[in-house]
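Counting from 4, one number per residue, gives the positions in the sequence shown under the working numbering.
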Amino acid sequence: MVSTVNMLAVFGVLLAIPHLYRIASFVWLYVLRPSSVKRFLHGPKGGAYAMVTGATDGIGKATATELLRNGFNLILHGRNEAKMQKVVEELRARLPEKEDADVRYFIADASAGGHDFAKMIEPFKDLHITLVYHNVGGSDTSGLKLDERTEEDVHRMVNLNALFPLFLNRALLPYLRRNAKSGPVLVNFVGSIAGDIAPPRLAVYAASKGFLESLTRGLDNDELFFDDPTGVRYTYLAVGAVNSENHEAPMAVSLSTPTSETFARGIINRAGCGRRRVAPYWVHAVMQYFLQDVLGDGMIDEAGAAEMKSLIARSKKGE
Ligand SMILES: NC(=O)c1ccc[n+]([C@@H]2O[C@H](COP(=O)([O-])OP(=O)(O)OC[C@H]3O[C@@H](n4cnc5c(N)ncnc54)[C@H](OP(=O)(O)O)[C@@H]3O)[C@@H](O)[C@H]2O)c1
Numbered sequence: 004m005v006s007t008v009n010m011l012a013v014f015g016v017l018l019a020i021p022h023l024y025r026i027a028s029f030v031w032l033y034v035l036r037p038s039s040v041k042r043f044l045h046g047p048k049g050g051a052y053a054m055v056t057g058a059t060d061g062i063g064k065a066t067a068t069e070l071l072r073n074g075f076n077l078i079l080h081g082r083n084e085a086k087m088q089k090v091v092e093e094l095r096a097r098l099p100e101k102e103d104a105d106v107r108y109f110i111a112d113a114s115a116g117g118h119d120f121a122k123m124i125e126p127f128k129d130l131h132i133t134l135v136y137h138n139v140g141g142s143d144t145s146g147l148k149l150d151e152r153t154e155e156d157v158h159r160m161v162n163l164n165a166l167f168p169l170f171l172n173r174a175l176l177p178y179l180r181r182n183a184k185s186g187p188v189l190v191n192f193v194g195s196i197a198g199d200i201a202p203p204r205l206a207v208y209a210a211s212k213g214f215l216e217s218l219t220r221g222l223d224n225d226e227l228f229f230d231d232p233t234g235v236r237y238t239y240l241a242v243g244a245v246n247s248e249n250h251e252a253p254m255a256v257s258l259s260t261p262t263s264e265t266f267a268r269g270i271i272n273r274a275g276c277g278r279r280r281v282a283p284y285w286v287h288a289v290m291q292y293f294l295q296d297v298l299g300d301g302m303i304d305e306a307g308a309a310e311m312k313s314l315i316a317r318s319k320k321g322e
């Protein structure tokens, strides 16, 4: 006869299975799995191109550097041509062994509406783009509530974080499908943990990142169902705090706030891992586990509010 103790033991093992699976999958993704970024190096003789928006600073610039190091030609986007030219020179100086790589760029204010996206990408449509990082984005630490912001300010925030990536991607799609005939193509939307926890005074930014996460799933399904799969896939990158000197109040580097360079290596190492949502940096993945599965909303909201209060105060002091 099965004793109560044995039944409890079986029950305990059953309960532990999902957690053990999660730990094993964490170790695989962040420790054991080799980077598969080179799978995206396919196509004609000229080589594969990676497009990175918001590439003149922070995570975008560091990601562009890692992509160049890994053998990709680059199409970069920024809003300031002089700064962009300096970035291209810096990339060339840092990686002289990649002198044959083609590095191109385009300039557009992503927070403005009314772009002609077809015209914007016209110079690049014949290039074999296999990786796209819709990285441009950002919030402000003004501390204003929705009704204290102008309508124009709200439009600019939504354009920058949601609509610019959406319409740029729409214009690129036919060419990405063409390129996927010779190998995999991956589109990445750079998101934020703020999209999950929506702290006070960041509602519009958080909602725009939530939009990107939903868009990732929907567009990935578009490419998979009803017709033959096209080979274009999507990933939402869940980003926690990352140090960027470009910010009004840069966060100090720590275990939970990596440099943009460390973070970019995480992005490259996770490329093509097959997940629709992934935290490129392992500490952010652990933090998300606690946010989503362990802590209650009340505790998260209190902590998010305290963090925002300190960020707004630092930004007002001009630190
Ligand atoms: N860093 C973090 O803690 C963190 C956390 C969560 C999510 N993220 C997300 O990660 C992405 C990159 O953030 P980051 O911290 O690396 O930002 P960053 O250092 O401020 O760099 C942002 C890049 O986007 C460009 N940019 C900003 N506004 C633009 C506009 N209106 N038009 C065109 N380009 C514009 C910047 O150009 P300039 O060089 O001219 O300024 C720069 O190249 C964003 O989507 C952000 O939401 C970051």
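Glycine included, every Cβ here is placed at the ideal spot set by N, Cα and C.
What did DSSP end up calling residue i once you bin it into helix, strand or coil?
i, result
"L147", "coil"
"H131", "coil"
"H250", "coil"
"H118", "coil"
"Y284", "coil"
"R107", "strand"
"A183", "coil"
"L98", "coil"
"A53", "strand"
"N9", "helix"
"V245", "coil"
"R236", "strand"
"V161", "helix"
"L205", "coil"
"G81", "strand"
"L189", "strand"
"T68", "helix"
"N172", "helix"
"N272", "helix"
"T59", "coil"
"N76", "strand"
"H45", "coil"
"T153", "coil"
"T265", "helix"
Check whether the Cβ of residue i sits closer than 6 Å to any heavy atom of ligand 1, and report yes or no.
i, result
"I62", "yes"
"T59", "yes"
"V297", "no"
"R82", "yes"
"G140", "yes"
"N249", "yes"
"L163", "yes"
"A244", "yes"
"D112", "yes"
"V193", "yes"
Please list, in chain order, all residues of the same chain as residue i whose beta carbon is under 6 Å from its beta carbon, the five residues on each side excluded.
i, result
"Y284", "P261, F266 and G269"
"S114", "R159, N162 and L163"
"I78", "Y52, M54, R107 and F127"
"N76", "G50, Y52, A104 and D105"
"G57", "G63, N138 and V139"
"P3", "Residue 3 lies beyond the range of the chain shown here (4 to 322); nothing can be said about it."
To the nearest angstrom, report how far apart residue i and residue j are at their CA atoms.
i, j, result
"Y24", "P47", "40 Å"
"A282", "S6", "43 Å"
"V207", "F14", "44 Å"
"T233", "G321", "49 Å"
"A244", "N224", "29 Å"
"L218", "R173", "12 Å"
"N246", "S195", "14 Å"
"V139", "I20", "39 Å"
"G146", "D304", "16 Å"
"D199", "E310", "15 Å"
"Q295", "E102", "45 Å"
"A27", "R273", "16 Å"
"K184", "L18", "43 Å"
"P253", "Y239", "24 Å"
"G61", "G117", "26 Å"
"L166", "P99", "36 Å"
"D230", "R152", "44 Å"
"L205", "A197", "8 Å"
"D129", "V135", "15 Å"
"K122", "S313", "43 Å"
"T307", "V8", "The identity of residue 307 in the sequence shown is Gly, whereas the question assumes Thr. Near 43 Å, if we compare the C-alpha coordinates of V8 and G307."
By Cβ distance, which residues of its chain are closer than 7 Å to residue i, with the 5 residues on each side in sequence left out?
i, result
"N73", "V40, K41 and I271"
"L258", "V286"
"T59", "G81, N83, K86, M87 and V90"
"R278", "T238"
"I110", "G81, R82, E84 and M87"
"R220", "R279"
"N182", "G46, H131, I132, T133 and V188"
Flag residue i as yes if its beta-carbon sits less than 7 Å from any beta-carbon of chain C, otherwise no.
i, result
"R204", "Looking at the structure shown, chain C is missing, and only one protein chain is on hand."
Closer than 8 Å by C-beta to residue i: which residues in its own chain qualify, once you throw out the five before and the five after it? Chain order, please.
i, result
"T68", "L94, R97, L98, E264 and A267"
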